[in-house]
Amino acid sequence: MIEPLVEVFRERYGAEPTHASRAPGRVNLIGEHTDYNGLPVLPMALQREARIVLVPRDDGRVRLANTNAEFEEAEFEIGVRIEPGPTGHWGNYVKAPAQELARRFAIFRGFDGVFSSDVPVASGLSSSSALVNAVGLALAAINEVGLEALELGDLMADAERYTGTRGGGMDQAISMAARAGHAARIDFHPLRLRHVPVPPDWRFVVADTGIRAEKSGPAQAAYNRRRAECEEAFRHVSAELIRLGRLSKPPKGYQAMLRSVADDEALEAGERVLEAGLLKRFRHVVTENARVVEAQDLLFQADHTGFGMLMDASHGSLRTDYNVSSAELDELVAFAKEGGASGARLTGAGFGGCIVALSSTGTVDDILEAMVAGYYEPRKLSDRIDQRLFLAVPSEGATYRPL
Ligand code: GLA
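Read in order, the letters of the sequence shown correspond to residues 42 to 444 in the numbering used here.
As structure tokens, then:
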């Protein structure tokens with residue numbers, strides 16, 4: 042499906058593109074708001090992706106046109122300090138990987154390219170990381186930066202902080218390194234990825250509320266606040282565990298803490314020293330971590346019912362303890378369950394965006410119908426429904442190839 046892109050390239054530059062770079066969006070199956078706390082996640086890459094066709098340049102200029110006419114072309118010089126555009130400008134996601142690569146490696150060559158994406162924007166499906174990765178992979182290849190996929194994913198997570206969100210590393214890692222037909226358990230510090238096959242008769246339905254959760258808008262402040270709250274909770278609980286003689290020195294992070302003491306012990310310490318709001322955040326992080334570990338086993342064992350129950354529990358915790366759900370997300374989850382989903386939860390950062398629901402081949406049509414009749418039709422959102430409601434196909438990570 043890159044022919045339309047090639048067409049735009051010819052019109053724009055009067056030449057044939059020589060290379061294509063692509064990077065998928067992702068849906069996170071479980072493990073929400075754990076990555077930036079150094080705890081594992083279990084996402085898979087989607088068939089929806091960011092695509093670029095390009096010709097490498099001999100100088101350090103990057104010119105990237107967007108097939109969506111709303112977005113003006115991004116154009117800049119590669120360097121260690123690239124002036125960002127206004128907050129939320131799509132060009133910042135093009136500059137981010139260029140600046141980060143320039144800081145770490147001597148990269149001097151840019152490209153002329155055309156970009157398009159079918160990852161829904163601001164929906165919790167990592168449209169921004171798909172763009173960052175597609176650009177980052179292209180620049181790394183053009184400049185012969187010899188990094189493995191996962192190393193590049195790690196670098197792209199640092200790169201994306203240029204845009205102002207202190208994200209974790211999940212999105213960039215899965216989009217770079219996913220394997221078709223698989224989800225992946227990802228661990229952090231150091232970044233590690235383990236592919237887990239998705240049983241062929243499992244279906245993950247992705248459904249968009251239609252409420253945009255702009256990562257660069259108000260959701261950014263809420264996201265960054267959650268992150269700061271987790272750090273604060275961690276400091277108080279660590280101090281309490283030291284006071285109790287359960288730890289001898291401050292642990293490096295949540296992972297180290299939860300390796301040294303049982304979850305219950307950490308939660309009890311939290312109950313003693315955290316005020317109600319922070320305790321809720323802390324409880325989500327601790328329980329979500331345990332759910333991810335269990336979910337990985339259940340996926341291996343193809344335990345559909347058990348996996349679905351963990352998804353439900355994850356949503357409950359995100360709603361009541363982490364306070365990142367919304368009326369629309371809760372409603373879509375409820376319709377998915379009414380339609381027969383084994384489990385359903387918000388996916389991504391929350392505050393709007395998408396849910397993901399688990400079904401088997403036999404029940405998927407009932408679930409889709411329940412969501413269309415209950416959510417989309419009453420809101421007159423059923424036009425171009427395939428943009429809002431689709432089955433996730435576990436897809437391959439980013440690739441760069443000659444045309
Ligand atoms: C966003 C971030 C991720 C992760 C999720 C929440 O997608 O980019 O790193 O923190 O939110 O799980």
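Think of the CB as a built atom: it goes at the ideal place given N, C-alpha and C, for glycine as much as any other residue.
Beta-carbon spacing of residue i, residue j below 7 Å
i	j	result
L268	Y77	Per the sequence shown, the amino acid found at residue 268 is Arg instead of Leu. Their beta carbons are under 7 Å apart, which means R268 touches Y77 by this criterion.
L46	V155	yes
E329	T75	yes
A336	G380	no
L370	L351	no
F392	A262	no
V173	Y134	yes
P97	I183	yes
L191	A218	yes
V302	R287	yes
E118	G101	yes
N-terminal and C-terminal residue of the alpha helix (DSSP H) that residue i is part of
i	result
I447	Because the chain in this structure spans residues 42 to 444, residue 447 falls outside the shown range and cannot be described.
G210	That residue, G210, is in no alpha helix (DSSP H); it is neither H nor E in DSSP.
S168	168-183
F341	317-341
P138	133-145
I283	259-284
Rounded straight-line distance, which links the Cα of residue j to that of residue i
i	j	result
G210	R202	10 Å
A137	A200	5 Å
I252	V413	16 Å
D304	F146	42 Å
P241	F149	45 Å
R360	S366	5 Å
L237	P81	A quick correction: the sequence has Val, not Leu, at residue 237. Straight-line Cα distance between these residues: approximately 14 Å.
G384	L83	15 Å
G194	G205	18 Å
Y441	N364	39 Å
L339	G55	53 Å
V333	L319	21 Å
R92	S279	45 Å
E189	V327	31 Å
L409	D212	26 Å
G389	R313	31 Å
P443	G151	16 Å
Proximity test, residue i beta-carbon vs the ligand GLA heavy atom, cut-off 6 Å
i	result
H74	yes
L390	Reading off the sequence shown, one finds Ala at residue 390, where the question assumed Leu. Yes, the ligand GLA has a heavy atom inside 6 Å of this Cβ.
G294	no
D199	no
Y54	no
Y441	no
D249	no
G66	no
G208	yes
M211	yes
Beta-bridge partners of residue i, as assigned by DSSP
i	result
D153	V96, R104
S401	W243
A91	A64, S158
Continuous beta strand (DSSP E) stretch holding residue i: start and end
i	result
A385	384-387
P443	440-443
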